[in-house]
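Undergrad: Have a look at this one before I ask anything.
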Amino acid sequence: MLSRVAESLFWMSRYFERAENTARFLDVNFNLMLDLNSITDVDHPNYWKPLIMVMSNLDNFNAHYQEYNVHTVTDYLVFNRQNTSSILSSISMARENARSIIESISSEMWEQVNNLYHFLQSVTPQQVHTDPYSFYKEIKNASHLFQGITDNTFSRNEGWDFVQIGKYLERADNAARLIDVKYHMLMPKRGQHLDLVKDSVDIIQWMAVLKSCSALEAFRKVYLSKIDPDNILRFLILDRTFPRSITFSICAAQEALWRISGSSLHRYVNNVDRLIGKTDAELSYTTVEDIFHKGVHEFLEEIEHGLIRIGEQLHLLYFAYHTPKIEPLDVSEALPFTGVAGGRANWSQSQQQQQQ
Amino acid sequence: MTRLFDNYDALPDRFFDEVISRDDTPRVHYEKMMRRFTQLSPEDIRARRELVNIFFRNQGITFTVYGVEEGIERIFPFDLIPRIIPLPEWEVIERGLIQRITALNEFLSDIYQGQKILKDRIIPPELVLGSKHFRREFVGVKPPLGVYIHVTGSDLIRDGAGRYLVLEDNLRTPSGVSYMLQNRQAMKKAFPVLFDQYKVRPVDGYPQQLLKTLQEISPTLKPEPKVVVLTPGIYNSAYFEHSYLAQQMGVQLTEGRDLVVNNNKVYTRTTRGLQRVDVIYRRVDDDFIDPLVFRPDSKLGVAGLINAYRKGNVALANAIGTGVADDKVIYSFVPDIIRYYLNEDPILDNVETWLASNPMHLKHILANLETLVVKAANESGGYGMLVGPESTAAEREKFAEKIVANPRNYIAQPTISLSRHPSFFNDNEIAACHIDLRPYVLYGKSPSIVPGGLTRVALKRGSLVVNSSQGGGSKDTWVIDI
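Line order of the protein sequences matches chains A and B. Taking my numbering, I'd label the letters of the first sequence as residues 1 to 356. Taking my numbering, I'd label the letters of the second sequence as residues 1001 to 1482.
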């Protein structure tokens, strides 16, 4: 498979997953505000600020908006083109990547990306504010449909594996950040959590974290109604069966990487497989008590850094355009990796247009 | 005749109308079509147009409009009324084009090895050797099978008497064939009943035929030579076509950065290392294809590709340097070229052409600017031309200066009233619009043509320019058994 095609498949999938997660976080938060409306002051910036911390960064947000509220945060995370992670930017990038490999994906996959893109072009901020439920549902459904179409129309070859890797690395990353930020907000000090969680506001918020990962029902089947932070962390980070937990995502990405390289348990043939194996081992032999002992933030930060390094090595191994002269020794010299639209494609735009 | 065609302005005295004959009655092969369309209400038409638009949009069949902000992709306007060509008429076109392409290939072969035709003074040597697209570097290089022009798309028009004439030969990287294929699919979806009433020759075999042609020119003896399509990239206006053809042939679509030359062999860069390439269907112009040989600032090309080609390790379709034969000045000599190499009279005529480089002709051109169309010899896409009857005195004066300053670069032709065909202006109003026809000729071991082609239509009222960059659209083209 052409390196460029593999790279675009990876990023197409990644941006799609990102858009879905953003939509779910926003949807859940919006619902949460309705629940909390009667018991607390929901205009407090603390209810919207964390979304920015999870999906983007505060500096970029502050450059465009004065305050954190439902309107500014929605606008920034859904429509703002300056935010490369907004739903609109993500889907545009997913589509640009898909467009550059349109002959390599199934036409049904292309139609689905394209449909969602055109749908987003037609939506106004006003519509999202008056009916957020329908809007976010549309995005989530579109993403599920895309994955279903991919499962059913795309050959199980290397390309499919790159799609899986993109999806699961993004999912693990988003989940790690969500838990990190929410935990930080809800659990300022170790030792106080039992008292705090008794507070109904906190329980509702913890439930919202689960819902943000579509995990509430799956969680209940395992832990019944014991909504406490230990169980929630155990479930979202360490569960091996729930498809949105960090461990599950890492395992799924690892399996796809193994199919490509031929690595197997304890036997890695390249740096990507070594790094993801290390992360997998870390998660496999960790208990939630270990996590608390190390510090939740520290633990998650390590996971996030691990994911970044995996992405870098993946880029060098499979995507970078190897010619002896330009082969970079270190990642900072490698070409930027954002897939097609933000990276290398538009540098030759004017020449492409000159061709007969 | 009923509603839809009641107010149709055929004007058969002034123009050749494809549907209405000189005595104001419909031509036989169009009767069923007219009957079917008059049965449809404006709502039916609207529904079908909507169906077709959604089909095109969902497939991503758009072209990019240059000079406009990001995200401006338009659907290539598609007219619902099909153009119909009876088989006997088509067979003449087919024979004529095959004759023409065969002769042009002989010409290229001669120009790049031997130059017999120049020595025999059939064409003034300076016109060939001084052409912008003559590639001195390729004199003596023989491509596989001696074929230069594997994919061509000549533009045909019909004059007032309905004669088919060749307007230009596109021998470099002609585009539009994907529209021919997609238009057919759209029509089959939108008008299954009408389609069923005619015996329309299929065009769907084109991609297989193209792949076969490309594999035939492989320089290596493999059972399945590796073919790739080389595109400038997603910002090229024909990108959709490049990807569509790659997909339909089942081959890889590559950009310059996907290819690498090592030891005069060409490889793709893949996740599993380098893989050898045998044939490149390239949609990148000569000038940009190899920064080591042509434009050094090219970011689209492959460094070393030309050397690999010269060594015979890779085939390019079309070959390098074919542009010398579709130069509009050389065009005027094509009838002589046919007679010279094939010893036959041309089956399809040229449009009468005056060369500004010929002093006698120049005089005629300058004296008759008002009635002539003047074209730059090496431009395409409807750019750099003067349409005499539509110009102002000031424009003509300015253009005359340009011609005198660089006569080699200009030719002139009489303003031909292209034939006209009913087309929709909106859902319940049709009008006569000028059309042309671009059939596609493939040439591997031997030349062949898929029955049909792209009919382009000037949808701006009264306009004679059919190029998509100038507001043109297209129609499905049916070659039918009678």
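C-beta: ideal position from N, C-alpha, C; glycine also. All figures in this text were calculated on a predicted structure; none of them were measured in a lab.
Indicate the three-state DSSP secondary structure (helix, strand or coil) for A/T323 in the structure shown.
TA: Reading the first sequence from its first residue, position 323 is the one you call residue 323 of chain A. Summary for A/T323: the model assigns pLDDT 46, below 50, so the residue's position carries little reliability; its value from the coordinates is reported in the next sentence. Of the three classes helix, strand and coil, the one that applies to A/T323 here is coil, per DSSP.
Undergrad: Counting only the same chain and skipping the five closest in sequence on each side, list residues whose C-beta sits under 8 angstroms from that of B/Y1267.
TA: Within the second sequence, the letter at position 267 stands for residue 1267 of chain B. Contacts found: L1259, V1260, V1261, L1274, Q1275, R1276, V1277.
Undergrad: Taking contact to mean at least 3 C-beta pairs separated by less than 8 angstroms, is the segment 1320-1335 of chain B in contact with the segment 1223-1243 of chain B?
TA: The segment 1320-1335 of chain B vs the segment 1223-1243 of chain B: no contact.
Undergrad: Find the nearest neighbour of B/Y1030 within the set B/S1109, B/L1127, B/V1019, judged by alpha-carbon distance.
TA: Indexing the second sequence from 1 puts residue 1030 of chain B at position 30. For B/Y1030, the nearest C-alpha among the options comes from B/V1019.
Undergrad: Indicate whether the contact test is met: 3 or more Cβ pairs, each with one atom in the segment 1400-1419 of chain B and one in the segment 1349-1367 of chain B, closer than 8 angstroms.
TA: Cβ pair count under 8 angstroms is three or more, so yes.
Undergrad: For A/C251, which of helix, strand or coil comes out of DSSP?
TA: Counting from 1 along the first sequence, the entry for residue 251 of chain A is found at position 251. If DSSP states are grouped into helix, strand and coil, A/C251 belongs with the helices.
Undergrad: Out of curiosity, what's the CA-to-CA distance linking A/F10 and B/N1170?
TA: As a position in the first sequence, residue 10 of chain A is number 10, starting the count at 1. As a position in the second sequence, residue 1170 of chain B is number 170, starting the count at 1. Straight-line Cα distance between these residues: approximately 39 angstroms.
Undergrad: If you count every other CB in all the chains shown that lies within 10 Å of the CB of B/S1178, and 16 or more means buried, which is it?
TA: Your numbering for residue 1178 of chain B matches position 178 in the second sequence. With 16 or more other Cβ atoms within 10 Å, it is buried.
Undergrad: Contact defined as beta carbons within less than 8 angstroms: I believe A/R18 pairs with A/S214. What is the distance between those atoms, to the nearest angstrom?
TA: Here residue 18 of chain A refers to the residue found at position 18 when the first sequence is read from its first residue. Here residue 214 of chain A refers to the residue found at position 214 when the first sequence is read from its first residue. Incorrect: roughly 15 angstroms between the Cβ atoms, too far for contact.
Undergrad: Are the CB atoms of A/N115 and B/N1264 within a distance shorter than 8 angstroms?
TA: As a position in the second sequence, residue 1264 of chain B is number 264, starting the count at 1. As a position in the first sequence, residue 115 of chain A is number 115, starting the count at 1. Not in contact: B/N1264 and A/N115 (Cβ atoms no closer than 8 angstroms).
Undergrad: I'd like to know whether the C-beta atoms of B/P1315 and B/P1143 end up nearer to each other than 8 angstroms.
TA: Within the second sequence, the letter at position 315 stands for residue 1315 of chain B. Within the second sequence, the letter at position 143 stands for residue 1143 of chain B. Per the sequence shown, the amino acid found at residue 1315 of chain B is Ala instead of Pro. Yes.
Undergrad: Count the other C-beta atoms from every protein chain shown that fall within 10 angstroms of the C-beta of B/D1481, then say buried if there are 16 or more, exposed otherwise.
TA: Against the second sequence, residue 1481 of chain B aligns to sequence position 481. Exposed, by the Cβ-count rule.
Undergrad: For B/T1213, which option in B/V1441, B/Q1039, B/E1241, B/P1086 has the closest C-alpha, if you only look at C-alpha atoms?
TA: Stepping through the second sequence from its first residue, residue 1213 of chain B is reached at position 213. That would be B/V1441, whose Cα lies nearest to the Cα of B/T1213.
Undergrad: Alpha carbon to alpha carbon, what distance is there between B/A1103 and B/T1322?
TA: Within the second sequence, the letter at position 322 stands for residue 1322 of chain B. Within the second sequence, the letter at position 103 stands for residue 1103 of chain B. C-alpha separation (whole angstroms): 13 angstroms.
Undergrad: Kindly indicate if chain A contains any beta-carbon less than 8 angstroms away from that of B/I1234.
TA: Counting from 1 along the second sequence, the entry for residue 1234 of chain B is found at position 234. Interface residue, yes.
Undergrad: Suppose only complete runs of 4+ residues qualify. What are the alpha helix (DSSP H) ranges in the segment 1168-1232 of chain B, listed by chain order?
TA: Fully enclosed alpha helix (DSSP H) runs of 4 or longer: 1177-1190, 1192-1197, 1206-1216.
Undergrad: Since B/L1369 contacts B/G1388 with CB under 8 angstroms, what's their CB separation in whole angstroms?
TA: Taking the first residue of the second sequence as 1, we reach residue 1369 of chain B at position 369. Taking the first residue of the second sequence as 1, we reach residue 1388 of chain B at position 388. Yes, they are in contact, since the Cβ atoms of B/L1369 and B/G1388 sit about 5 angstroms apart, within 8 angstroms.
Undergrad: To the nearest angstrom, report how far apart A/M1 and A/S104 are at their CA atoms.
TA: Here residue 1 of chain A is taken as the residue at index 1 of the first sequence, counted from 1. Here residue 104 of chain A is taken as the residue at index 104 of the first sequence, counted from 1. In a straight line, the C-alpha of A/M1 is about 10 angstroms away from that of A/S104.
Undergrad: Within the same chain, show all residues whose beta-carbon is closer than 6 angstroms to that of B/R1135, passing over the 5 residues directly before and after it, in chain order.
TA: In the second sequence, the residue the question calls residue 1135 of chain B occupies position 135. Excluding positions up to five away in sequence, the list reads I1320, G1321.
Undergrad: How many Å lie between A/N174 and A/S155 at the Cα?
TA: The residue given as residue 174 of chain A occupies position 174 in the first sequence. The residue given as residue 155 of chain A occupies position 155 in the first sequence. If you take the alpha carbons of A/N174 and A/S155, they lie about 27 angstroms apart.
Undergrad: Does the distance from the C-beta atom of B/L1348 to that of B/G1096 stay below 8 angstroms?
TA: Numbered from 1 along the second sequence, position 348 holds the residue referred to as residue 1348 of chain B. Numbered from 1 along the second sequence, position 96 holds the residue referred to as residue 1096 of chain B. Their beta carbons are under 8 angstroms apart, which means B/L1348 touches B/G1096 by this criterion.
Undergrad: Quick one: list the residues of chain B neighbouring A/E255, beta-carbon separation under 8 angstroms, in chain order.
TA: By one-based count along the first sequence, residue 255 of chain A stands at place 255. Those within 8 angstroms of A/E255 in chain B number zero; the least Cβ separation is about 17 angstroms.
Undergrad: Compare the C-beta of A/A6 with all C-beta atoms of chain B and state if any pair is closer than 8 angstroms.
TA: Translated into positions along the first sequence, residue 6 of chain A becomes position 6. Yes, its Cβ sits closer than 8 angstroms to a Cβ of chain B.
Undergrad: Compute the Euclidean distance between the alpha carbons of B/Q1215 and B/P1225, then round it to the nearest angstrom.
TA: Translated into the one-based positions of the second sequence, residue 1215 of chain B becomes position 215. Translated into the one-based positions of the second sequence, residue 1225 of chain B becomes position 225. If I take the Cα positions, the gap works out to 6 angstroms.
Undergrad: Compare the C-beta of B/K1132 with all C-beta atoms of chain A and state if any pair is closer than 8 angstroms.
TA: The residue labelled residue 1132 of chain B in the question sits at position 132 within the second sequence. No, its Cβ sits nowhere closer than 8 angstroms to a Cβ of chain A.
Undergrad: Opposite B/D1155 in the DSSP bridges: which residues?
TA: Here residue 1155 of chain B is taken as the residue at index 155 of the second sequence, counted from 1. BP columns for B/D1155 point to B/E1168.
Undergrad: Are the C-beta atoms of A/Y318 and some chain B residue less than 8 angstroms apart?
TA: Along the first sequence, read from residue 1 onward, the residue named residue 318 of chain A stands at position 318. Closer than 8 angstroms to some Cβ of chain B, the Cβ of A/Y318 qualifies, so yes.
Undergrad: For B/I1004, which residues from the same chain have a beta carbon less than 6 angstroms from its beta carbon, with the 5 sequence-adjacent residues on both sides left out?
TA: Residue mapping note: residue 1004 of chain B aligns to position 4 of the second sequence, counting from 1. At residue 1004 of chain B the sequence reads Leu, which differs from the Ile that was named. Closer than 6 angstroms at the Cβ level, and outside the excluded window around B/L1004, lie F1037, T1038.
Undergrad: To the nearest angstrom, how far is the alpha carbon of A/V113 from that of A/T150?
TA: Looking up residue 113 of chain A in the first sequence gives position 113. Looking up residue 150 of chain A in the first sequence gives position 150. Straight-line Cα distance between these residues: approximately 11 angstroms.
Undergrad: Can you check whether the C-beta of B/K1299 is within less than 8 angstroms of a C-beta belonging to chain A?
TA: As a position in the second sequence, residue 1299 of chain B is number 299, starting the count at 1. So, interface residue.
Undergrad: DSSP puts B/E1043 in a beta bridge; with which residues?
TA: Locating residue 1043 of chain B in the second sequence gives position 43, where the first residue counts as 1. BP columns for B/E1043 are empty, so no partner.
Undergrad: With a cut-off of 8 angstroms on the beta carbons, I'd call A/A252 and A/Q164 a contact; round off their distance for me.
TA: Residue mapping note: residue 252 of chain A aligns to position 252 of the first sequence, counting from 1. Residue mapping note: residue 164 of chain A aligns to position 164 of the first sequence, counting from 1. A/A252 to A/Q164, Cβ: 6 angstroms. Contact.
Undergrad: Between the C-alpha atoms of A/F146 and A/S85, what's the straight-line distance to the nearest angstrom?
TA: By one-based count along the first sequence, residue 146 of chain A stands at place 146. By one-based count along the first sequence, residue 85 of chain A stands at place 85. For A/F146 and A/S85, the distance between alpha carbons rounds to 19 angstroms.
Undergrad: Please classify B/G1473: does DSSP put it in a helix, a strand, or coil?
TA: Here residue 1473 of chain B refers to the residue found at position 473 of the second sequence. Here B/G1473 sits in strand by DSSP.
Undergrad: Could you work out which residue in B/R1339, B/P1219, B/E1168 is closest to B/L1437 when comparing CA atoms only?
TA: Taking the first residue of the second sequence as position 1, residue 1437 of chain B is located at position 437. Of the candidates B/R1339, B/P1219, B/E1168, the one whose C-alpha sits nearest the C-alpha of B/L1437 is B/E1168.
Undergrad: How many whole angstroms separate the CB atoms of B/I1084 and B/M1034, which I take to be in contact at a CB cut-off of 8 angstroms?
TA: Locating residue 1084 of chain B in the second sequence gives position 84, counting from the first residue. Locating residue 1034 of chain B in the second sequence gives position 34, counting from the first residue. Not quite, the Cβ-Cβ distance comes to about 11 angstroms (not below 8 angstroms), so this is no contact.
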